[in-house]
Amino acid sequence: MLQYIESNKERFLSELFDLLRIPSISTDKKYKDDVIKAAEFLKNKLSEAGADNAELCATPGYPIVFAEKIIDEKLPTVLVYGHYDVQPADPLNLWTTPPFEPEIRNGKIYARGACDDKGQTYMHVKAFETMMKNGALPCNIKFMLEGEEESGSEHLEGFVTENKDKIAADVILISDTGIIANDVPAITVGLRGMSYMEVEVTGPNRDLHSGLYGGGVPNPINVLTKMIASLTDDEGKITIPGFYDKVEVLSDAQRAELAKAPFDQEFFKSEIGLKDVQGEKGYSTPERVSIRPTLDVNGIWGGYMEEGAKTVIPSKAHAKISMRLVPFQEPEEITALFTKHFESIAPESVSVKVIPHHGGDPAVIPTDSIAYKAASKAMESTFGKTPVPVRSGGSIPIVAMFKEQLGLDSILMGFGLDSDAIHSPNEHYGVFNFMKGIETIPYFYKYYAEMMKG
Ligand code: BES
Ligand code: MN
Ligand code: MN
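Under the numbering used here, think of the first position of the sequence shown as 12, with each following residue one higher.
Right under this line is the structure:
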């Protein structure tokens, strides 16, 4: 199989480039046709690779690409999940080359979605092709690729609950996470959840002359920034009453185990141009970005933002605030606690509106399952090292949903790097990582099928 992969490398890359050229930004309706085009592209490639019943399943939003190869009903079935939509590419001026004109520089593929998640999803399509062409598919396989992940996976749960038989499987396999370094493989065993809020503070009923009114009326931007500042204290703790009530407390032994994952604090800082880190007192940087909850302002706006100076007291101020959640925090409950608290800290002189956006549950994945052992052995076969189990700070809300709706654990065997700049300008994915994924995935199927036989 390795020989097949090596000799088809250029074609695999050029097909991925074709997929990367489609600006499938799900959050922006302008790109509707492109999002559907990306779905069609994957459906066709799955068909060509030998899948049966490749189709676009309609949802009230973007379609789900489904395809399968059932070789024997008695064999186990792996369900591959991935997403073909991408984040918006702005700010465009910070890209060295345009986001939808993929280019390889220094062994890295630069494009929006190169890593998250087109590059990683496409590894599975090409690994499947490789197994088919080499008569080496050892179990059944199903693909379920969605086009709304980056905008909250609104319609995936409906699809899953209505199609339980169609997507029935023994395990879910996902490459939408990362490894620690190209010589330090890892398997993600934890994800944070999410509660995403938008707030609006209204002061006067119109924008005012800041000379005639300034000093005598509430300025909603001043008020909003004070309110936001009060949401965290000097020790980096979130001040919303009840926020920490359900947070999982890890034992010293668990923390020591997680601390075994290599982490280079100097690289962490230098790679993002920071002189120092910051965060919750009493926790290390890796802990702060994985096992602890957060509250961050993602955007804040209002008032005069054009060139020059305008003297004005704006009528309104806005912010988008996200909270990353850890086990056993519940997004609905955190959303309610936030709303109640935010309304309670608003001064009498303003009114506030709190609008919840998407949310998602955190997830923890057991390491004692057959599927985890198969993934670990697969990575060991291609990296020459046992992968480290890591808890990631990112969120893939559908992982908890799959567990709840289907009773299935997901294996998060991703090949990205934190430095791949996903969601940022100049997102990239190593050719090494793309090829390593294609090489590793067939081993997962091989070991999984063998171990399931017992
Ligand atoms: N693939 C990422 C999540 C991720 C990346 C997890 C790296 C672990 C390591 C996914 O596409 C993503 O961006 N998720 C969003 C959540 C969603 C609700 C918009 C996130 O984490 O912000
Ligand atoms: Mn992703
Ligand atoms: Mn993403």
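For every residue, glycine included, the Cβ atom is placed at its ideal position computed from N, Cα and C.
Opposite residue i in the DSSP bridges: which residues?
i	result
V300	None; V300 has no bridge partner.
C68	I75
H468	Lying before the first or after the last residue shown, residue 468 is absent from the chain, which here runs from 12 to 465.
M155	F77, Y92
V363	V212
S421	I183
W312	H329
How would you call residue i, buried or exposed, if buried means at least 16 neighbouring beta carbons within 10 angstroms?
i	result
E140	buried
Q98	buried
W312	exposed
L103	exposed
A138	buried
Using three-state DSSP, classify residue i as helix, strand or coil.
i	result
S241	coil
S206	strand
Y224	coil
P342	helix
E211	strand
D39	coil
P231	helix
H434	coil
E268	helix
D307	strand
I407	coil
Candidates the options: which alpha carbon is nearest residue i's?
i	options	result
G418	G290, I178, D307	I178
V410	F52, V91, E438, T296	V91
P273	S262, D245, A197	A197
T199	E59, R217, P400, S362	P400
D101	I366, F443, E438	E438
T346	N145, F339, V365	V365
K40	K20, E21, D96	D96
F353	T250, S18, G314, L103	T250
K321	H368, A374, D218	D218
T243	V288, F254, L184	F254
I324	E51, I47, V234	V234
P229	E359, V195, G130, T451	E359
I468	C150, L423, P436	Any property of residue 468 remains undetermined from this structure, which presents the chain solely from 12 to 465.
Straight-line CA distance for residue i to residue j?
i	j	result
S470	F279	Since the first residue of the chain shown is 12 and the last is 465, residue 470 is not available in this structure.
L269	S221	53 Å
T172	A69	14 Å
I432	A65	Per the sequence shown, residue 432 should be read as Ala rather than Ile. Distance between the alpha carbons of A432 and A65: 32 Å.
D45	L53	13 Å
F23	S35	20 Å
V89	M142	14 Å
T236	G227	18 Å
V472	A382	As displayed, the chain neither begins before 12 nor continues past 465, which places residue 472 out of reach and without an answer.
Y294	I407	24 Å
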